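Protein chains: 2
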Amino acid sequence: MIVKTAAQEMFAPLKNQSFLRACMRQATEHTPVWLMRQAGRYLPEYRATRAKAGSFMGLATNVDYATEVTLQPLERYPLDAAILFSDILTVPDAMGLGLSFAIGEGPRFAHSVRDEAAVARLAVPDMDKLRYVFDAVASIRRALNGRVPLIGFSGSPWTLACYMVEGAGSDDYRQVKTMLYARPDLMHRILTINADAVAAYLNAQIDAGAQAVMIFDSWGGVLADGAFQAFSLAYTARVLGQLKRTHDGAVIPRIVFTKGGGLWLKEMGQLDCDVLGLDWTVNLAHARALLGGRVGGAGKALQGNIDPNVLFANPEQIGAEVGRVLQTFGAPHRAPVDDPDQTGPTHIFNLGHGISQHTPAENVAVLVEAVHSISRNLRRDTQ
Amino acid sequence: MIVKTAAQEMFAPLKNQSFLRACMRQATEHTPVWLMRQAGRYLPEYRATRAKAGSFMGLATNVDYATEVTLQPLERYPLDAAILFSDILTVPDAMGLGLSFAIGEGPRFAHSVRDEAAVARLAVPDMDKLRYVFDAVASIRRALNGRVPLIGFSGSPWTLACYMVEGAGSDDYRQVKTMLYARPDLMHRILTINADAVAAYLNAQIDAGAQAVMIFDSWGGVLADGAFQAFSLAYTARVLGQLKRTHDGAVIPRIVFTKGGGLWLKEMGQLDCDVLGLDWTVNLAHARALLGGRVGGAGKALQGNIDPNVLFANPEQIGAEVGRVLQTFGAPHRAPVDDPDQTGPTHIFNLGHGISQHTPAENVAVLVEAVHSISRNLRRDTQ
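Here you go:
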């Protein structure tokens, strides 16, 4: 029994437990759903706040704006979780690399890390430089007022390294892979620092009020077999090994999502995390058989994995595709009345990648409603 | 017994059989090696010919230039196969979509195919519009003079459709996937036409002298599970069903390469092809166990799969990575003296994707030499 601290007393009790229960492989009345990048450019109200803020980093570093945009999708849709509005690259920015977002382009660092001297200068940043993130977490948690849980997040050590070495996004990851193959010693040094920084960063988000944390290994899938295990998975494991398991008496579930990692699911099943995120290339029935675990036993909850481009179809087609994803996962876990917290295979509905900025906002309502209604029906059918 | 025609008499007998034997799962003295995009911008002599030709299409449509650049890498390196110099998008160009290559950008079509009217206008093109390709095949085959076999190729129906609908390369495949999810009828119509066009195109390359053919499903890996099978794999199968099995008495091996297709290897194993190409995310030992077949039985030869970025490391590191890939495939198939054509699991060494234009040309020599020498040693060790 951990005694609750004053900090936790500030936050209202949670009304919608479905996401956190599904993370812990406990039965829920419907399949919980949230969407990667659910606070984002497809929403006109997001674009309005973004315009007020002047720049992406102006938005992300302002506690009030970050709170406002995090809550915007919840005003429109009955989503089952909120996710901190921020960027995966805040940590290397705090290392002094100078993050910026040019209009119409992706992120860019003023200083890329390509040689021994640049690597030698790297260190785990003072978490005080990321205070704006932790303040946003606390502010969002207060604003949520117990409506749904708040997910904190970070880029994975490898994904951060990709941007740090390339200096920006890349088609071929030539610079970072050149370092990996030609100077593995430097790459391991970057990844060690990144892992320790990410762990400190996520722990501070947990302290500030994040009720689950997610590691985005957005670029793990570009690695060769063998290199993935040595340069991505091992450092994700290093992060997980340092994370707080509980905060103020509550278990903090950990989610790991490797885009393009479907070939390594079995190895990812060994990670000390609760949930694995899956992109749309993965067959959910296969992933469930491999990782979902048995009723009453251990396993991973699975999160994903509809193609975000489904949201460009018409409402009936969106409903049909949602049904297909839910059916592929298969019969929902249902717990006996006398043991409502019994574990079993669970699914958290999500996209297989971030939502497109071109998505019609009304189609998101169709998707969320379809997940809730179809998944409720599936529970009735299997009763 | 098929009687040899006059056409085949024109070509000199083949001196290096290693590639074709490995395609048919027959033992070879070394692991044959060729590189996707081996004739390309990383070679200064290629850039010189490209400058003479004025444009990429000027290069691809001129028989003499196409022959010249196809042979350039063979002058430098003891590669075990040549591949026609051309582009995967010649077929939709012949459909009238107007292919061009802007400097520093990828391919672009003047007319993209996004609505019912544009789809209705599509038809299998008159193969005479692709005469320049077949003439190049015959010219290259003559110029090779039996040195190594010549591989013909095409984009897959799905990969062609991606470019036809998007009008160019894409980050998110939003247009083509919108059509796939919202108008699957139109998408199936495009793919049917593409499959029949690709089959006619590859058969004409075979008639002109191609000794093996390869289907590049460069974008199959962007599809969701389920969509891949319905919109990519099914149409690759439709192409294969129409291909000539032999020409002038020689079996014409078929290679299928789906970039990012590692999750669907088992289903790809059902294709009526001889070789499966693999990218670097696939574990070769796993693929061999799944697909390589037994000695004396059926199976697929495997082609791939080193990360092209390995070529940015130093010679010792390149040698070590080549060794790792060969060791991962495992013990080479060796046939008994009294049955030299006995089948067994075979490997054709290649990159997991096209070679980078930034590759130091001397490092390619290191890689090819390492494949030959290490694979010869492996055969000695397992004797």
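Line by line, the protein sequences give chains H and Z. Sequential numbering from 1 applies to the first sequence in our numbering. Sequential numbering from 1001 applies to the second sequence in our numbering. Beta carbons: idealized from backbone N, C-alpha and C, even for Gly. For clarity, every value in this text was computed on a predicted model and none was experimentally measured.
- At a Cβ-Cβ threshold of 9 angstroms, H/Arg334 and H/Arg379 count as neighbours.
- About 6 angstroms separates the CB atoms of H/Tyr181 and Z/Asn1309; that is less than 8 angstroms, so the two are in contact.
- Under DSSP, Z/Gln1303 shares a beta bridge with Z/Gly1277 and Z/Ile1348.
- Neighbours of Z/Phe1216 in chain H, taken as residues whose beta carbon is under 9 angstroms from its own, are absent, since the nearest beta carbon is some 17 angstroms off.
- Burial check for H/Ile103: the Cβ neighbour count within 10 Å stays below 16, so the residue is exposed.
- Three or more Cβ pairs closer than 8 angstroms define a contact, and the stretch 204-212 of chain H meets that threshold against the stretch 142-157 of chain H.
- The beta carbons of Z/Thr1246 and H/Gly226 sit no closer together than 9 angstroms.
- Any Cβ of chain Z closer than 9 angstroms to the Cβ of H/Gly226 would place that residue at the interface, and such an atom is present.
- The beta carbon of Z/Phe1134 is closer than 6 angstroms to those of Ala1204 and Ala1208 in its chain, skipping five residues each way along the sequence.
- Residue contact with chain H for Z/Gln1317: present (Cβ-Cβ distance below 9 angstroms to some residue of chain H).
- In this chain, the alpha helix (DSSP H) harbouring Z/Leu1074 covers Val1063 to Arg1076.
- Below 8 angstroms, enough C-beta pairs join the stretch 1289-1302 of chain Z and the stretch 1332-1348 of chain Z to call them touching: three or more.
- In this structure Z/Ala1110 does not touch Z/Pro1032 by the C-beta definition: roughly 40 angstroms separates them, more than the 8 angstroms allowed.
- Secondary structure of Z/Phe1101 (DSSP, three-state): strand.
- Listed in chain order, the non-local C-beta contacts of H/Leu326 below 8 angstroms within the same chain comprise Thr31, His347, Phe349, Val371, Ile374, Ser375 and Leu378, local neighbours out to five positions each way being set aside.
- Taking the Cα of Z/Gln1270 as reference, the smallest distance to any Cα among Z/Trp1280, Z/Ala1298, Z/Val1251 and Z/Lys1244 is reached at Z/Ala1298.
- For H/Gly241, the enclosing alpha helix (DSSP H) stretches over residues Ala234 to Gln242.
- The residue from Z/Asp1307, Z/Gly1344, Z/Phe1011 and Z/Asp1087 with its alpha-carbon nearest to that of H/Val222 is Z/Asp1307.
- Its chain contains Asp80, Arg147 and Val148 as the residues whose beta carbon lies nearer than 7 angstroms to that of H/Asn16, once the 5 sequence neighbours on both sides are disregarded; these appear in chain order.
- The DSSP-derived three-state label of H/Ala287 is helix.
- Annotation: H/Val113 to H/Ala199 spans about 21 angstroms, alpha carbon to alpha carbon.
- Secondary structure at Z/Ser1154: strand, using DSSP grouped into helix, strand and coil.
- Residues Arg1041 of the same chain have their beta carbon placed closer than 7 angstroms to that of Z/Arg1047, with the five preceding and five following residues left out of the count.
- Collapsing the DSSP output to three states places H/Asp115 in coil.
- Going by C-alpha positions, Z/Cys1162 is about 44 angstroms away from H/Ser139.
- Think of a sphere of 8 angstroms around the beta carbon of H/Ser18: no beta carbon from chain Z falls inside it, the nearest being about 25 angstroms out.
- Around the C-beta of Z/Lys1052, fewer than 16 other C-beta atoms lie within 10 Å, and the residue is accordingly described as exposed.
- Counting C-beta pairs closer than 8 angstroms gives fewer than three between the stretch 113-124 of chain H and the stretch 53-69 of chain H, which falls short of the contact rule.
- For H/Glu166, no Cβ of chain Z is located within less than 9 angstroms of the residue's own Cβ.
- The way I'd put it, the stretch 160-178 of chain H does touch the stretch 81-101 of chain H; three or more beta-carbon pairs between them come closer than 8 angstroms.
- By the neighbour-count criterion, in which a residue is buried when 16 or more other Cβ atoms sit within 10 angstroms of its Cβ, H/Gly304 is buried.
- Going by beta carbons, Z/Pro1360 and Z/Ala1301 fall outside the 9 angstroms limit.
- As the crow flies, the alpha-carbon of Z/Trp1280 is around 15 angstroms from that of H/Phe231.
- In this structure, DSSP gives H/Val213 an extended state, which the three-state scheme calls strand.
- In summary, Z/Ser1156 is buried, with 16 or more beta-carbon neighbours lying within 10 Å of its beta-carbon over all protein chains present.
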